Structures are given as structure tokens and as C-alpha cells.
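Structure, as C-alpha cells:
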Amino acid sequence: MLKEYNHTEIENKWSSIYKENPIFKGKTGEKPYFSVVLPPPNVTGSLHIGHALNATLQDIIVRYKRMKGFNTLWLPGFDHAGIATQWVVVRELQKQGISRFDLGRENFIKKVWEWVPKSRDSIKNQLIRLGASCDWSRQRFTLDEGFSRSVREAFVRLYKEGLIFKAPYIVNWDPKERTAISDLEVEYYEEKGKLWHIKYPLEDGSGYITVATTRPETMLGDTAVAVNPNDDRYKHLIGKKVILPLAPAERIDINGNKVSNLIPIIADEYVDPAFGTGVVKITPAHDPNDFEVGKRHNLPMVIVMDEGAYINENGGEFKGLYRYEAREKIVEKLKELGLLEKEEDHIHNVGHSQRSKEVIEPYLSTQWFVDTKKLAEKAIKVVEEGKIKFIPEGWTKTYLNWMYNIREWCISRQIWWGHKIPVWYCKDCDSPNAFNDEFLPSLDEKIIFNLYADGKISQIFCVDDVLEVLNKQNFTHPDKTNLEFYEKVVFLKETDKLKSKQSLIDLLETSNHFKKLYEERYQLILKCEKCGSENLHQDEDVLDTWFSSGLWPFGTLGWPVETQDLKTFYPTSLLITGFDIIFFWVARMIMMGTKFTDNIPFHDVYIHALVRDEKGEKMSKTKGNVIDPLEMAEKYGADALRFTLTALAAQGRDIRLSEKRIEGYKHFSNKIWNASKFVLTNSQNIEVKDVNQLNLSTEDKWILTALMKTVKKSSNELENYRYNEYANTIYDFFWHDYCDWYIEFTKERIYKGSQEEKQTAVSVLNFVLRESLKLLHPIMPFITEEIYQYLPIKETDFIAIAIYPQYKEDLLFEEDYNFIESLKELITSIRTVRSDFNIEPTRKLNIRIKPSSKEIQQKLNNLANQIKQLVKAENLTIDTDISKQDTEVITVSKLGESFIDLAGVLDIEKEIQRQEKLLQEVEKSIKISESKLNNENFVNKAPEHVVEKEKQLYEELKVKRDKILNTLKMLKR
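Numbering (the numbering used here), first residue to last: 93 to 1065.
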């Protein structure tokens, strides 16, 4: 029998069983399939409430489809998260007084590899704790041996097609991390700054022209000043030159050419005559707009800062100063020379690195780019044709707007942790060479190349190095060695030459792609494709994390190898993610998927909303309003947390979450448990029969019909991703129809009925309980699995693989359903009288019911004992020939009138006076609230949560007024 409900014990038990059992494993070759790839969490910490929501919504759909008979695969994995992970490890080292630059690249990466497994395993266990039914046997990592190979394959293909190129370009430079970051990784904050008006003397000594700037330190890199060609104030100056204040007489541009401090006045439409003085300084190497102007006018490009934002040699006397220190010194010097006309306060948006929070420096740098405009063509087409559907639909427009205006994607990062760019430069002819393993003929040779390309061995290596790495435990699949991972996951073939030292030596001795340097030491031969030189060195940069993430839906299934997994589960069925990474990730997966597989990466994209606090504010540690999902799972149960998130997950609306909400749904868990305990306790020593073999009562037919309606409605809601409706439909059915009504209806038969009546009631109770547990299982996996094990009739060993409830028309009894619904209304009207007049629950009343027909009278008489219990009547009379007495109040329902005798309980005349006085007070409060809400000052200036509270109060007052009016109507009948 069921004991007391202990969510921690139950959830830990089933987390462990699920983890060890193969029931969540996808089967290759079986159709129909339903596949989802888990958006890989960063290996940088623990899961937050947004992760919990995302995982819950995915798990619900996956469990539902599994129960519907689909061959499901929910493939999990983790993202190496280049900048984020490096930043976390850098901070950990800083606490010990260690700099990554002191360690050097190789030792720093070793430190990261020490840290990553702990964090990854922690996140994995958290997902399991929350009930994620992933196929952990297929777990992947964006830096695993197979995925790294996929990344190189993608890069090389794009490079050889001219879709990846290297060029000098203005990038968003993070001086703290010393790396370029993409536009999407920049956050803008409004800040108070200054606008300095600086005099640039004309070369001919006839005067000066005034330039306005917010960044005077960059003036050292100016190579022109610009005016609008239609600005009459400056037309006469176009073509003349000015002397660049404070700059040395000669500077060096990016091509090594000398640049004078005499710079031209040029005309360009880009200049806004109304901003500042109508004259702008042009610094092509330190401003994206100036860069474009510079290209149009063939201006030299002078860089005045190094990668740490310190002024370089081109800054003359300011060399070595940090950018803001240089700013102060430059402004002081301009004042001394009488060249600062004025300075004024100026509010502007300043870009900051999303990760390090450092102010971004627009910086001319030679970087790698993807020509996304060409890749975007197919990615736009598949969405416009409806092959990929966004839910809610409004996100389609957001996606398309961005895709139509897409810019080149900077994919190189000047950090150490990540996929090294697979390009080797020839030291003899400067030619770049992009390599993957395609030039190597055998599997064994390809594996050695991949070991080198992944940084696991050097280009010059000894035999023992290779064998040691291959025989190490694999990071992603700890049950395999690295060699086994290559054989079973990456290439799906067995090697011949890598299993013994001698066979490896034989391979290296006979291969044309390795040369022996001396005893047991060999070199992998890479040749320049242009001149044939072996004198190559690899690019030091790594790829943007989102480049590898863009391959996630197909790279995890084995691409570029045409695996059975790829044939079975691709395209994937669904992606669930947040709106904040539509551009970072969703768009890039669609571009990469349509490019490399000539197919879409997924059919549906469900965009979930943000989880905010109960006041609608964003959660943050600073505000102290963060809700930790693991803490909530420990306190109230993962099932309660999951149900809360699902019940609040309305499409297109942010979730307002509070601990009280989660606590409320813990009560639902208790309700499920206690109802199940009641059913199972009363099922002992009774043969539970199939419902089709029973002589069903009216209330049995009602609950079966209600169940079928719930099955149909909830399935439809879930198929259309209306998660909250799905959850609330099942909640209402189980709590109200099953527990509050049906169980109460059955007690008369269970405790006082014949053996047949008791067997029928218990059999229907069991059937509806089992089907209800299956309906609830996708949201609440643990409690439903535990209870399912105790049911007298089970279909499968686990509810997780039981057949989802099916809609059966032979279990629809509309006439009986409508009658019980009307009876509920009648009973509720009597209960309302008790509630309205504060009659204590234990006090029994004399109640008379006047049915609207003899037929209804007969039906009510058949249920007289149940009705008497449900309305708590001392005496119950059911008769069509009844008239009202002075001490009675009347309620009206579809089935007839109910007469509730309040003699000795209530003076009806005095109660009418009390209710009328109460009505006056409520109407007065309504007028006050209306006045507030009609006041624009209040609505526009009061805090949002205060206005919301007032609106809520107003609605509550109106409900209260309606209730009083109904009570008065009832009393005066």
C-alpha cells in the first residue's frame, strides 16, 4: 500500500531507476519518430529557473510522444561556451593570484579541462533530478571528438566555397578579454558622458574648423574630417586640409605606410549637419561608420590602441596610457593649447561586453567572417514557405526582419578555450590552407589527424603519446576509451592499426602522410596547397561558440557521416528555446542545417517566455528575487515545480513565479497521492474489472464522459503547445471532477452498497485513476510512476512507456453527463447558501428540492443518499409539489428549485438589512477605485505592481457586489 507522501524519497528513487533503465533510448530505423535536441547548457555553473522551464516543456512533449507510440529521441549535451567558460576559469585563477597569461595557453586549457567535468556532471545530475527523460547514452559535447570533426568539416567546406573569408573590419573589441565579440554579444546602457568641441586648425592658417566628439582619445587616429556636401557653412572648405592636434607628424597605418598629421576635409552624406557642429572626425580604425566612410574615400586606417586599449606608438606623447587616462590628458592638453572650444553634458548609449561587462572598443582588426547573406537565402525561404513554424507565430516576423538585414558574422575569437580555426599559414608564401581529414586515405590516419587538430597531440609526436591518448577514458562517454568513441560514435568503423604499438609503428612507417624524425618520433605532414612547403603554422584564434552550436541538430546525430541516427531522427521535430537567442542560435542552426544537409534542422520552434518574479520584475541576484529550481524541487518536489511552470506557461506571456505558487501545486501533489491512497485502500480484496464489463451508474457514466472530454481537450492543447491549458485542463478534471465529486459520489456504494455496486465503483475509480495518472505523467513523472506501480491493473512495467489515454466514443454518455453537471450546479447552489451565511460545515440543515419534472424527480431519488451527504442535510425531501415557507431561502438551478430551511440559523429580514448596508460600502469602494484607475497620473506614474494591485482590487470589488446582489435576490424571493 501507499505510505505517506515523501516527494524527496520518491523522486530520488525514480531519478536513479530512470537513469539506469534503457526505456528512454531512441531506436534507429523505427518510424514514426519524434526527436528533440536539448539546447546544450553551458558548462559554466548550475541550472537556473529558465533552464528548468525549458527542460520541463521539452520533457512534457517527449514523454507525451513516447506514450503516443513514437520512437522518441531526446538527445542531451553540453556546450563548451568559449568566452563564458574561459571567463569563469580566469576568475577562479585570479582568486589564487594567477593570470592566464602567466600560465600560457597549454597549461590554461589543462586547467579548464580539470574544471569542466565537475560543472558538466553537476548540470547533468540537476537535469535528471528535474525529471528530464533524455537518452544519456547519446550524450554529446561541442568539443567532443566527433563534434570537433564536424566543426572542421563545416568550416573547410564554407571556406572552400568562399563563404568564409578573412578581412580587416571594425569589430566589437573587449579589451578585458582581448577578443572580438559579435554584435549580439554587446549590451547597450544609457550613460552620462561629455561632448567635446575641438578646434582643428586649417593648414593655411586662415582659421579652424570645430569637431564634436564623445571619444577624444581616438582623435589620434583621425585621417579626415567630414562635412555634409549640402551644408552651406562648410562647402568652401571641402578639399582643404587641417592640422590634427596632438598627433605626431607621422603615424603608421595598417599597411605600414606613413600617414601625415595633415588630414583632408571631405564631403559625405553620412554627416548629420544638425548633430554637434555639423563636422565629424573620421577615425576609420576605431568607429564602424567611419570605417565605411574611410573605404568610400580611400582613407588610410590608423590604429591608435593596442588590444588592451592602451595608446600605441601612433599616439605620440600619450603612448602607454589607458584609453580613459589618455582621454583626460588629451582634454587637459587641448585646454592648454586653447583648442577646446567647449564641453557639454551628453547622454548616449554605450556598448558593453555581455560577459565581462567591459566597455566595448570599436577596433579595426583582421578577423574571420561568414558571408551570412548568402546562407540566409535558404534560411529565409524555409520559414516563409512554412517548412519551419515559429510558435507563437509573432516570432516569425522578428526572425525574418533580422534575416533580411543580416550582416557578415565575425566568427573568430582571440581566446584560448574552443575550436581552433583549422587554417594553417605557409611561412614561405603566406598562403592560408584549410584542412580537415579528407586528404587522408585511411581511418587510422584520419584519427591521428583529429587528435592533432583537437590539440591532444602535437604535430611532432611519439608513438606512446598517441596510444596513451587513445586508451584514456573518453570525456563525453566515460564508458568508452577515446579510441572506442572514434570507432563507435564518430566513424562507426573499427580501426586496424591503432590497437597495438607495433601496428601503429607499421602504419606510420608506410604512410605518405607521416615522416620519421628519429626513434619512435614522427611528424604529421601538412603541405601548403600553393607552394608545397611543409613550413606551416596554425591560426591562433578560436571559433565563436555559436559556430559549433549552429551544427547541433545534425552534428550530434553523426554528420558528416551518414549515420543511421541521422537517417532516423533528422530533421528533428521540435526546438524549444528562449526569444533571446533566436538570432544567436536559431537563425544560425537554420542557416547551417539548410546548407549542409539540404534540409531543415527542425519543424517547429517553440519560443517560451521569461520567468519573472511575482511582481513581473526580472530575476537577479542583486534584487534578491531569484528562485532556485533545485531548492524548490527539494522543498516542494520536482513534480510540483514542473506543474507550476507548465500551468503558468501561456504562449507569448511572461511567467510571474512565486514560491507560494509552487507551494500551492505541492497541495495538488498531496491531493493526487491521497486520492490514490483512498482508491487503493478500497480496492483490497476486490476484483477490479474492465469498465466495459460493468453495470454503470449515472455518475460512473458522467466521470467516464468527463475523462474522455479531458483526454481529447488536453491532447489538442499539447499538440498545439498550449502548455498552460493542457495543465489546467487535467488539474480541473482530477481535482474537481474526480476528487471533489466522483470520489464523494462513490462513497455511498463503497461503504453501504451491494458487492456488485462496490465492485463497479472501485473498478471505475481504478480505471479513471490509471488514465488520469497517464494524463498527468508528462508533467509529473515521479509521483505518477510511483503510484502506477501499486495499481491492480497495469499495462506496462513503467507508466513512462504506457499508452497515452485514447479518446473512445463508446465511453461517451452525454445525457448522463449533462444530468450530473446540472446536479453539481444544484448542489453547489445549496453549498453557496451555507458559505454566504457562514453556516458551520458540521451543522445539518433541512432541505427540500422541487424538481422541474417527474423524470428528474426519479433521477434525483436514485441519488438521494449521495445528495444528502453532499449537501449535509438532516432531512432531504424531493418532490414536485412543494411551496416556500417563511424560514426558507430558495436557490434555482436547471433541475429545479432548492428550499433551504434557515430556522434557528438566520433572521432573514435582518440579513437583508445587513446585506444592503454591505452593498453600500462596496459600491463606495468601487467608486474610489474607479477614480484612481481613471486618473492618468496614477496609471502612468505609480509603480506597475501598484497599478496592477489596484486593478485586481477593482475586479474583486465588482465580484463582491455581484455576490451581494445575488444574495439579496435569493433572500427576497
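Don't be surprised by glycine CBs; every beta carbon is placed ideally from N, CA and C.
Note that the structure is a prediction, hence the values are computed from the model and not measured.
### Message
Measuring only the C-alpha atoms, how far is K976 from S945?
### Response
18 angstroms
### Message
On the criterion of 16 or more Cβ atoms from any shown chain inside 10 Å, does Y610 qualify as buried, or is it exposed?
### Response
exposed
### Message
Am I right that R192 and V180 are in contact with their C-beta atoms under 8 angstroms? What's the rounded C-beta distance?
### Response
Not really, about 12 angstroms apart at Cβ, beyond 8 angstroms.
### Supposed contact pair T369 and D314 - C-beta distance, whole angstroms, cut 8 angstroms
Not quite, the Cβ-Cβ distance comes to about 15 angstroms (not below 8 angstroms), so this is no contact.
### Message
Using only CA atoms, which one of Y261, P267, T876 lies nearest to M393?
### Response
Y261
### Residue of I358, Y156, K580 minimising C-alpha distance to R230
K580
### Query
Within 10 angstroms of its Cβ, does M495 collect 16 or more other Cβ (buried), or is it exposed?
buried
### Query
What is the rounded straight-line gap between the Cα of Q1007 and the Cα of I1056?
6 angstroms
#### Entry: Same chain only: Cβ atoms within 7 angstroms of V263, ignoring 5 sequence neighbours per side
A272, Y455, S457, Q459, C502
#### Entry: A468 at chain D interface by Cβ criterion, 8 angstroms
Among the chains of the structure shown, chain D does not appear; only one protein chain is present.
### Query
When DSSP labels each residue in this structure, what does H511 get in the three-state scheme?
coil
### Query
In whole angstroms, what is the alpha-carbon distance linking M800 and K866?
13 angstroms
### Task
List in chain order: all unbroken beta strand (DSSP E) runs of 3+ residues lying wholly within the stretch 955-1034.
965-970, 980-985, 988-993
### Query
If we count the other Cβ atoms within 10 Å of its Cβ and call it buried at 16 or more, is V697 buried or exposed?
buried
### For K715, the first and last residue of its enclosing alpha helix (DSSP H)
Counting along the chain, K715 falls outside any alpha helix (DSSP H), and DSSP gives it neither H nor E.
### Query
Three-state secondary structure (DSSP) at A144?
helix
#### Entry: Proximity below 8 angstroms, CB of F982 to CB of R923
Residue identity check: residue 982 is Ile in the sequence provided, not Phe. Not closer than 8 angstroms, so no.
### Close Cβ partners of K619 (< 6 angstroms) along its chain, the five nearest in sequence each way excluded
E626
### Beta-bridge partners of W288, as assigned by DSSP
T305, E435
### Residue range of the unbroken alpha helix (DSSP H) whose run includes I220
197-221
### Sequence-distant residues of its chain with Cβ nearer than 8 angstroms to N953 (five each side left out)
I970
### Task
Counting only the same chain and skipping the five closest in sequence on each side, list residues whose C-beta sits under 6 angstroms from that of Y326.
V319
### Query
Of all the options K268, G486, M681, which has the alpha carbon lying nearest to the alpha carbon of Q506?
K268
### Query
Which value, in whole angstroms, describes the spacing of the CA atoms of Y880 and I891?
6 angstroms
### Task
Work out the CA separation of D529 and N542 for me, nearest whole Å.
7 angstroms
### Task
Express the C-alpha separation of F383 and A377 in angstroms, rounding to a whole number.
6 angstroms
### Query
Should E361 and S352 be called a contact, given that it needs their Cβ atoms to be closer than 8 angstroms?
no
### Task
Return the bridge partner residues of I552 from the DSSP annotation.
Q615
### Message
Given a cut-off of 8 angstroms on the beta-carbon distance, is the pair Y281 and W765 in contact?
### Response
no
### Task
Please go through the same chain and pick out, in chain order, the residues whose beta-carbon is closer than 7 angstroms to the beta-carbon of V334, but skip the five residues on each side of it.
Y292, P293, L294, E295, I301, V317, I355, I357
### Query
Roughly how far, in whole angstroms, is the beta-carbon of T655 from the beta-carbon of L584, given that I think they are within contact range, below 8 angstroms?
6 angstroms
### Message
With a threshold of 6 angstroms on Cβ separation, who are the neighbours of A730 within its own chain once the five nearest residues in sequence on each side are excluded?
### Response
E103, L222, G223
### Task
Give the straight-line distance between the Cα atoms of S921 and L94, rounded to the nearest whole angstrom.
36 angstroms
### Query
DSSP beta-bridge partners for I747?
V703
### Query
Tell me, which residues are paired with S127 by DSSP?
L165
### Test item: CB-CB of T310 and L287 under 8 angstroms
no
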